[in-house]
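Residue numbers (this note's numbering): 6 to 554.
To keep things clear, I will list the structure first and then write my remarks on it.
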RNA sequence: CGGGGCGUGGCGCAGUCUGGUAGCGCACCUGCUUUGGGAGCAGGGGGUCGAAGGUUCAAAUCCUUUCGCCCCGACCA
């Protein structure tokens, strides 16, 4: 985008949209607008600067963290730049909505947001200031909220289809915006930031963090008899690799004991040696906000041994374990003594697990949790997300309405976001070649570009200008390259910009009284006689639109 | 916040180790030639070397401080 002259950077994560970039942005916004309107949502515009009081009332002033850009105004009032607008919209709702007769309603806006990202990167993909469409639905009951959610979900599918994107809807973690249920719309692309798993068989797709691991009963049942405990010397042998090699056992017998620090004190977590702990799942299961690996002193406090020799036996802290642990007999784990491990450990007899849960990262050998099919691991760019918020904000901010029976009830909310700039970036990421961008016609700043190769020649200029006039009359948006540059220069630039249809006028094409038509997406050239050109181009453009439906 | 790197004409960089005339490519301006895949020749303009302080006869270069940016990590819509 930088090279094509679409954006320029002002500071870290803050960009200027140049005319070309802005056109692509606006095209995207319009598609979003059309589909939102079609889905029955109503556009409004909320303020970017928001009072801190409102955020304190919702509790997110403290919770949101340094990503929220805060400042004081001249009256020393706390303020912030909106990173998202649940507070403001809920405030609006509680002032305006009083009766079930006013519901359901869905309000949206397209607006600049600011999030003070720790590390902005990938250009406009993760900017600090960015344009976002956010919609909020208000319903009287769960059923209505479900319908609103589905309507947005469907609108998102048609938006991204019209943008020419290859995408999947993925089940997602709800993050700090909160709520109960959520899908992310991911564009499949190797340059994405998010790891996703998708099923090769069914429509299942999920964030790697969120992907459920299914333990099929009896599948990996360990049928060994319980043997007696045995402590062995393992001098300086700490890592899984070293232990399995040293004791010549399989990593499936080995149990990792990880000590984590939470706001409620330390916790021990057991995971099979060849598995990786999923911290997101763990913090959900423990229901804690703070979760970090314990430092060596804490590990020593809890286990009585230095790092690398922790085990479950005799621990005084809470022990949780991954489901896979349940199946293992005669485990190997640290002995809570320096340079010692212990063999033939069994749950129930030697230690007690307080809670079993799905705590590990999914692996490539795991089956799809829906259909059991094979999973594919890949990268994705998140371009949109839909949330069921429930009554999280309406309760804390007291946005209530009177139902049919005159009872005061909190409004059920949903919120739905699309990163406009990120959509454009994802489109370019997914559709480009070594020469530059290949825009889908729906997003391209222009539908057609006219290249008069020798514009200093009167005949070339005249034919090109006539064509421009005709195409405009047909309602097409046309970019006319009137620079007196060399042909190679103009051709390269046209490729870089990525306008889908190119009409070239030159002395050469005029020899046969024709104009050359070429699509950016392939190499085919067509010579069309001058008077038939406008109609032919109109048809080509139409067929490009049709292919996006 | 941890690790690494970079700030020198508009852009990209060399020069820094070993202090001594600020240099190259692109872009820009003028002229001539050239014109279907980023032209050639000739001439020309443009830089408080990120900032501040220090060492020195002398600092882009050495020392201190500071600001900005990039990459990796932790974190995260």
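By construction, the Cβ of each residue, glycine as well, lies at the ideal position given by its N, Cα and C atoms.
Endpoints, the beta strand (DSSP E) within which residue i is located
i, result
"residue 191", "186-193"
"residue 422", "417-424"
"residue 106", "Careful: residue 106 lies outside any beta strand (DSSP E) and carries neither H nor E."
"residue 553", "Taken as a continuous stretch (DSSP letters only), residue 553 belongs to no beta strand (DSSP E), as it is neither H nor E."
Per-residue DSSP class, three states only, for residue i
i, result
"residue 294", "coil"
"residue 306", "helix"
"residue 121", "coil"
"residue 73", "coil"
"residue 372", "coil"
"residue 487", "coil"
"residue 24", "helix"
"residue 100", "helix"
"residue 354", "coil"
"residue 13", "strand"
"residue 43", "helix"
"residue 334", "coil"
"residue 285", "helix"
"residue 38", "helix"
Residue i vs residue j beta-carbon contact at 8 Å
i, j, result
"residue 4", "residue 416", "Outside the modelled stretch of the chain, which goes from 6 to 554, sits residue 4, for which no answer is possible."
"residue 291", "residue 267", "yes"
"residue 347", "residue 260", "no"
"residue 94", "residue 112", "yes"
"residue 263", "residue 234", "no"
"residue 84", "residue 56", "yes"
"residue 157", "residue 44", "yes"
"residue 510", "residue 455", "yes"
"residue 500", "residue 440", "yes"
"residue 520", "residue 452", "no"
"residue 12", "residue 425", "no"
"residue 173", "residue 216", "no"
"residue 459", "residue 512", "yes"
"residue 2", "residue 9", "What is shown of the chain runs 6 to 554, which leaves residue 2 out entirely."
"residue 274", "residue 325", "yes"
"residue 6", "residue 450", "no"
"residue 390", "residue 187", "yes"
Residue i to residue j span [Cα, whole Å]
i, j, result
"residue 245", "residue 161", "45 Å"
"residue 135", "residue 358", "47 Å"
"residue 296", "residue 257", "26 Å"
"residue 212", "residue 482", "39 Å"
"residue 206", "residue 491", "52 Å"
"residue 476", "residue 535", "12 Å"
"residue 86", "residue 400", "23 Å"
"residue 383", "residue 18", "26 Å"
"residue 479", "residue 422", "35 Å"
"residue 387", "residue 517", "49 Å"
"residue 407", "residue 92", "21 Å"
"residue 403", "residue 351", "51 Å"
"residue 167", "residue 66", "38 Å"
"residue 120", "residue 279", "38 Å"
"residue 143", "residue 410", "19 Å"
Run of the alpha helix (DSSP H) containing residue i, from where it starts to where it stops
i, result
"residue 399", "397-401"
"residue 329", "No alpha helix (DSSP H) contains residue 329, which DSSP labels as neither H nor E."
"residue 164", "147-167"
Closer than 7 Å: residue i CB and nearest the ligand HEM heavy atom
i, result
"residue 257", "This structure lacks the ligand HEM, and indeed carries no ligand of any kind."
Self-check item: Entirely enclosed beta strand (DSSP E) segments - the segment 491-546, minimum 3 residues
Solution: 506-510, 519-524 and 530-534
Practice problem: Entirely within the segment 192-250 and at least 3 residues each: give me those beta strand (DSSP E) ranges in chain order. | Solution: 199-204, 210-212 and 235-238
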